[in-house]
Structures are given as structure tokens and as C-alpha cells.
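One structure is given below, encoded as C-alpha cells.
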Amino acid sequence: MTDNFKLAELLFPQIKKTPEDYVAIYPARNLPEGARVTRFAPSPTGFLHFGNLFTCLVSYKTAKSTGGVFYVRVEDTDQKRKVEGAIEVMLKGLSVYGIVPDEGVIAEGEEKGDYAPYYQSQRKDIYQAFAKRLVEEGLAYPCFMSAEELDEIRAQQENESIKGIWGKWAKHRDLSFGEIESRINAGEAWTLRLKSPGTTEGKCFFDDVIKGKIEMPENVQDIVILKSDGIPTYHFAHAIDDHLMRTTHVVRGDEWIASTPIHLQLFKVLGFRPPKYAHVAPIMKEENGGKRKLSKRKDPEAAVTYYAEEGFPSESVNEYMLTLANSNFEDWRRMNQTEDIDKFPFNLKKMSVSGALFDMVKLTDVSKNVICKMPAKKVFDLSYEWAKEYNPALAALYELNPQRATAILNIDRENKKPRKDIAKWSDIPDYISYMFSETFTPNYELAGNATPALAARVLEKYIGIVNLADDKDAWFERIKALCPEVGCTPNVKEYKAEPEKFDGHVGDVSTVIRVALTGRTNTPDLFAITALLGENEVKARLEKALEYYKENA
Ligand code: GLU
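Pasting the structure below:
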């Protein structure tokens, strides 16, 4: 036995399976040409950042648009960061946006697929089998340097351009077998380091699917691949897992670009074909004329839970994320207004290289467009679900009469040009407040040519003639007929030609009625509102308004 083999046996006596065994257990996938295998690899912190959701969506779309596989692997090697129930929270968070893994961890503690286990904490033997092989090949070695020694090196390297353990700093690279053996027998702790084959002149090239061609210095650091507890570092686990799980495209945040030379080197020494990398730029936010990353600490919208709390429908957030992901999405949407979003030909190559800008106004706009196309029943159902959790008062209003509530939400909806008043469910309480005696707060402020004196005259007459049995035409005819009696014209053009001849026009008369009934100068269809308020409420509100204007004329 050569020293390398003896060393491998000394370090990993319990590891009996070989890399070949694992490659046989996890064979190449039988997928059609061009099908991509992608994954989402969260650490179980329980916090889903909007950027994670976005990257995850990109990863999911990459697989789904090619008939491939999208799986979830839980990167739980850092037991200190583990949060109970985190995976359930994260998977639920994803499923709201239609992201359901084909494979991997599909619920807390529940796995599906032939490449299990998908929890890194359960893959220790697999990593160690590959680590053992690297030792046998002289490509990895145990390092006994203490935390203090490493700190010292870090301090000494302050002015070095290449930091870390390499060259003269890699003190344990060439320890003899005998020395290693005696240190281990003495119970000294060790980490396993890669014996990096890189040189300072060497270059690393790769073609990132999003960022394009990238050239970086080759890795020269003897990075840690197994920590002292035998658990792999992210770098090593990434190489082993994405190889054995047959990932074709690693879609991840671009903070990993800096480590990609390490990863490519690991793939090489392990004899694996590297995956394609698609590094997603972070979502940015404008601030004081500059740009910064969307921040968990500073921006409530960085948390995916924010959208649920505010009541943005998942459809809206999905549409918005695609506008951020692919610049041609909006054109596609204009041309395919009613098409299912999954029909959009998502393309990784159309991702922004430098980071899309989060824009609340845009999200609001996108969401208004999504909601205005929903039938009233859907608006009712979704907003009722939301209200039960986040706004019990709205849920209670709905429960008074769900049919009436749906009819209210149907005003100016389900037609060619639906109104766009609602961007999120939390807009609804205010939007419909005047439709319920429980929440109506009068406000008699007028607009246009309407004055309190004119309002008093209009209401005096209108109270006598309003008839809830009218159809829309009859209702409007009645209002027009009322105009000359109060010094107004039913004809806006006529008013514009000779404004001095009139106190106002039919629009002003309508404003008076609108304000009396709703407390607002801008509402959806007044006829529908009148009908839904019902005779008693209409009369009562008109009377009260009349009283007010008489007193304040
Ligand atoms: N666990 C890593 C993270 O949360 C995953 C990165 C990757 O996708 O490879 O950042």
C-alpha cells in the first residue's frame, strides 16, 4: 500500500463504498435531449428573501421550459443555522407562486426521487467516499492548523493579493504519513484540504449562461473540503451533489461567481463534467439616486411574506417577476393578454446581467392589470381568503352578504375596459368602504363647478325623483332632465361653448350625487353603486347630504 492509500484508510476507515458505487447508484438521468435539470438549494433558515424566490423561479422555469426536472436539495450542513420547521415554511412560500418541486425535498422530512437523500446532512458518507478517493490520489490532505494559527496567517496576509492557505502558508500539505499518523493517534483535530493543482499564472474560463464569457485567475488555495466534524464545505458538497444529482444548470446568486474557479477545479480533480452556471444578479433598489441590493434589513418587500400580507395575488407577483427576469415578457404579455403565463417562452439568456431594479410602482401596475381581468367571484374568493388571515373586519363585512359583496366587486368588471382600482387585497377595505353603512364616512367636499348651493338644489330635486327600479338609461335620463331645473346643461359641449350661461353641466350634477352617496368624487359606475346601496340607504344618504349643503351653502 502506498502512503496515500494508507492515509486514506487512516482518515476514513469506516468508508467502504467507492465513488464508482455512488455513480452506479445515481446514474445519468434518462431525459430527452435539451431537458435541463435545475435545483433550488436553500439553507433551512426559514426566511425566504424575494431574491431567493426570484432565483428559484428562474431555476424552475429553466427546467420546466425544457421538459426537465426541478428539485429541492436542503443545504443543512451548518447545524447552527438550522431553524425548526424552516423547510415547510420555505416550500409553502414557493408553492404560493406555483413552484412545486418535481423531486427532492417536497415537504419537511419528506423526499421523492431516485437521487435521495436530498438533505446534505444525510449525505456524509457520500462526501467522504469522494474525499477518501482524493486522498488516495494525493489530491487532498489533512491539515491540523489551529484556529489561532489560521487567524495569525490571516493577519499576516493583510497585504497579500492572494489570501488563504496556499504556497508557503499551506504548512501541512506535505506532512509525512508517519507524522500525520502520530498526530491523529494523539487525537488532534483535522480538516481535509484540497491539494490545489492551480498556479498563480493559471486562468479559469467559463461561459456563464447569463453573464457570458468569464475569465478569472485559477484557484490556488488549498480550500477546506471537509470540516473537522467530517461535514463538507459548500464548495465540496456543491460539486458532489450537483454531479450525482445530475444537475445540468446551476442557477444561483451571482455572489458565487467569486468561488466558481474553486468549483470548476473541484469538478476537474473529481473527474466530473462541470454543469453550466447561470449566475443571477441580485434584485436592486434605487436609493438616493444610486442603486443597492434589496435588503432584508431595510426593505419590507425583501421578505416574500410581505406580498402575502399585503395581499398581492401570487399571479401578480409571478407576472412581475417575469418582467424582471426577461425584458421581452411585457411585449409577449401585450400580444397574449389572456394566455397562461406558463406559455411564455422563458429564456435564461435574456436575464439582466447587472441586476433588475425592484419597482413598487411597477408591481402595483402589473397587479392592477392582473386583478382587473379577474372575474368578480375570483376577486371575492381570493380576497376573502386573504381577509380571513389579515383583515378580519373585511372578512366580517363580506360575511354579511357574500353575494352582495361579489356584486360590489363586479362593478365595472368583466367588461372590455375594466377599472384598475385594486392592486392588492389590502386596497379593498378602502375601495368598498362606502358600500356598507358600517364603514361609510360621509365627506361632502365637491369638485368641478359643483358648489354647496348647487348641491343643495340638485339634491332637493333628485331625492324626489330617484327611482331604484330604473335601468341605467332611464336613470341617466332622469339626471339629464334635472339639469335645466338647477341652472345646468345636460350637454357638456354646450357648457364648454358658453360656460357663463350655466352653473355647471351634467357631470357636475352627477358629482353632487356621487359625493352625497359615496363621499368621493371618483368612483366606479354610479348607477351600479346606487342599485347596490338600495333604496333606504340611498334616500338616507341623500337627505343627510342635503341637510349639510343647506346649512353650508
Ligand atoms: N445554500 C446555498 C445558498 O443558500 C445555495 C447556493 C446554490 O444554489 O448553490 O446560498
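According to our numbering, the sequence shown is numbered sequentially starting from 1.
Glycine residues also receive a C-beta, built at the ideal position from the N, C-alpha and C atoms.
Beta carbon nearer than 5 Å to a non-hydrogen atom of ligand 3 = Ligand 3 is not part of this structure, which contains only ligand 1.
Whole-angstrom Cβ separation of V220 and G198, contact assumed at under 8 Å?
-> Going by Cβ atoms, the distance from V220 to G198 rounds to 4 Å, so yes, they are a contact pair.
With DSSP run on the structure shown, which of helix, strand or coil describes H172?
-> In the structure shown, H172 sits in coil (DSSP, three-state: anything other than H, G, I, E or B).
Only counting runs of 3 or more residues, tell me where the beta strand (DSSP E) segments fall wholly within the stretch 181 to 215, in order along the chain.
-> Runs found: 191 to 194 and 203 to 208.
For F40, the three-state DSSP class (helix, strand or coil) = Here F40 sits in strand by DSSP.
When the Cα atoms are used, what is the spatial distance from L264 to P19?
-> Taking the straight line from one Cα to the other gives about 18 Å.
Does the separation of the CB atoms of L357 and E310 fall below 8 Å?
-> Pairing L357 with E310 gives a Cβ-Cβ distance that is not under 8 Å.
According to the neighbour-count rule (16 or more other Cβ atoms, all chains shown, within 10 Å of its Cβ), is M360 buried or exposed?
-> Under the 10 Å beta carbon count, M360 is surrounded by fewer than 16 other beta carbons and is classified as exposed.
Over what stretch of residues does the alpha helix (DSSP H) that includes F267 continue unbroken?
-> Per DSSP, the continuous alpha helix (DSSP H) segment holding F267 begins and ends at T260 to L270.
Using CA coordinates, which residue listed in W256, H249, D114 and E218 is at the minimum distance from H235?
-> Among W256, H249, D114 and E218, the Cα nearest to that of H235 is on W256.
For A281, is the classification buried or exposed, using 16 other Cβ atoms within 10 angstroms of its Cβ as the cut-off for buried?
-> Note on A281: 16 or more other CB atoms within 10 angstroms of its CB, so buried under the neighbour-count rule.
Below 8 Å CB to CB, which residues in the same chain sit around G167 once its five sequence neighbours on both sides are set aside?
-> Hits under 8 Å: V220.
From M374 to L409, what does the alpha carbon distance come to, in whole angstroms?
-> M374 and L409: Cα-Cα distance of roughly 10 Å.
DSSP bridge partner residues for M284 (one or two, in chain order) | Paired residues: K293 and L357.
Using beta-carbon positions only, say whether G85 and A35 come within less than 8 Å of one another.
-> Going by C-beta atoms, G85 is not nearer than 8 Å to A35.
Local Cβ density within 10 Å of D241, reported as buried at 16 or more and exposed below that = Within 10 angstroms of the beta-carbon of D241 lie 16 or more other beta-carbons, which makes it buried.
Count the other C-beta atoms from every protein chain shown that fall within 10 angstroms of the C-beta of Y306, then say buried if there are 16 or more, exposed otherwise.
-> Per the 10 Å Cβ criterion, exposed.
Cut-off 7 Å between Cβ atoms - residues of its own chain near P275, not counting five sequence neighbours on either side | Excluding residues within five positions, the ones whose Cβ falls inside 7 Å are D242, T247, T248, H249 and V250.
Return the bridge partner residues of K112 from the DSSP annotation.
-> Partner(s): G104.
What do you get for R81, buried or exposed, if any count of 16 or more other CB atoms within 10 angstroms of its CB means buried?
-> Taking all protein chains in view, the Cβ of R81 is surrounded by fewer than 16 other Cβ atoms within 10 Å, so the residue is classified as exposed.
Residues bridged to F12 by DSSP?
-> In the DSSP assignment, F12 forms no beta bridge with any residue.
What are the residues that DSSP puts in a beta bridge with H49?
-> Bridge partners of H49: A303.
Taking L150 as the reference, which of G271, T2, I165 and R514 has the closest Cα?
-> Comparing C-alpha distances from L150 to each of G271, T2, I165 and R514 shows the shortest one belongs to I165.
Going by alpha carbons, who is nearest to K195 out of A447, E215, E201 and L226?
-> Of the candidates A447, E215, E201 and L226, the one whose C-alpha sits nearest the C-alpha of K195 is L226.
CA-CA distance, M201 and P217?
-> Met is not the amino acid found at residue 201; the sequence shown has Glu there. Pairing E201 with P217, the inter-Cα distance amounts to about 7 Å.
4 or more residues per run - each alpha helix (DSSP H) lying fully within the stretch 434 to 495 = Runs found: 452 to 465 and 472 to 482.
Taking only the alpha-carbon atoms, compute the straight-line gap between E160 and D208 and give it to the nearest angstrom.
-> The alpha-carbon atoms of E160 and D208 are separated by roughly 29 Å.
Hey, how far is the Cα of S437 from the Cα of L446?
-> Here the C-alpha atom of S437 lies approximately 21 Å from the C-alpha atom of L446.
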